[in-house]
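Chemist:
In this note's numbering, the protein residues as written are 6 to 142.
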């Protein structure tokens with residue numbers, strides 16, 4: 006069973022307001038796999054703290070943050086299809102149409118694979134639910 010978050014928070018952040026479990030948002034688009042960021046290279050944007058693995062990536066993010074932000078506030082894209090907010094594994098992701106989608110993944114459950122079975126339809130449904138979710142704020 007997926008861990009469902011019961012509180013209504015629009016961004017998936019830890020207690021220190023850290024986004025992406027400290028992973029470098031730009032690295033999802035520019036590296037073979039995402040890399041962990043450094044606390045000494047960080048940016049606060051719209052109430053969330055983002056860490057970066059290099060000053061270059063920090064600069065790229067600051068120039069256009071929305072290009073690198075995960076969809077659905079960093080919650081699991083597959084769970085958003087059902088209108089739920091579920092934690093993610095920051096290494097389980099897809100770049101689709103230049104957008105970052107994150108997924109819940111354990112040894113037994115891989116929502117990224119489920120998403121890949123029908124990405125367009127699932128994205129359309131998740132987009133609708135994200136608008137509803139944001140409207141509950």
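For each residue, glycine too, the CB sits at the ideal point set by N, CA and C.
No experiment lies behind these values; they were computed from the predicted model shown.
Between 43, 34, 128, which has its C-alpha nearest residue 23's C-alpha?
Modeler: 43
Chemist: Does the stretch 93-106 come within contact of the stretch 56-66, defined as at least 3 CB pairs closer than 8 Å?
Modeler: no
Chemist: If you check the beta carbons only, do residue 19 and residue 58 fall under 8 Å apart?
Modeler: no
Chemist: If contacts are defined as beta-carbon pairs under 8 Å, then residue 32 and residue 78 qualify, I think. What distance do you get, rounded to the angstrom?
Modeler: Rounded, the Cβ-Cβ distance is 19 Å, inconsistent with contact.
Chemist: Would you call the stretch 70-86 and the stretch 108-120 touching, i.e. three or more CB-CB distances under 8 Å?
Modeler: yes
Chemist: For residue 66, which option in 94, 93, 34, 88 has the closest C-alpha, if you only look at C-alpha atoms?
Modeler: 34
Chemist: In three-state terms, what does DSSP make of residue 87?
Modeler: coil
Chemist: Measuring only the C-alpha atoms, how far is residue 70 from residue 53?
Modeler: 12 Å
Chemist: Would residue 122 and residue 109 be called neighbours here (beta carbons separated by less than 8 Å)?
Modeler: Contact annotation: residue 122 and residue 109 have beta-carbon atoms that are not nearer than 8 Å.
Chemist: Under three-state DSSP, which class holds residue 94?
Modeler: strand
Chemist: Using the C-alpha atoms, what's the distance from residue 45 back to residue 136?
Modeler: 34 Å
Chemist: Can you give me the C-alpha to C-alpha distance between residue 75 and residue 55, rounded to a whole angstrom?
Modeler: In a straight line, the C-alpha of residue 75 is about 12 Å away from that of residue 55.
Chemist: Quick check on the burial criterion: 16 or more other C-beta atoms within 10 angstroms. Buried or exposed for residue 131?
Modeler: buried
Chemist: Using three-state DSSP, classify residue 67 as helix, strand or coil.
Modeler: helix
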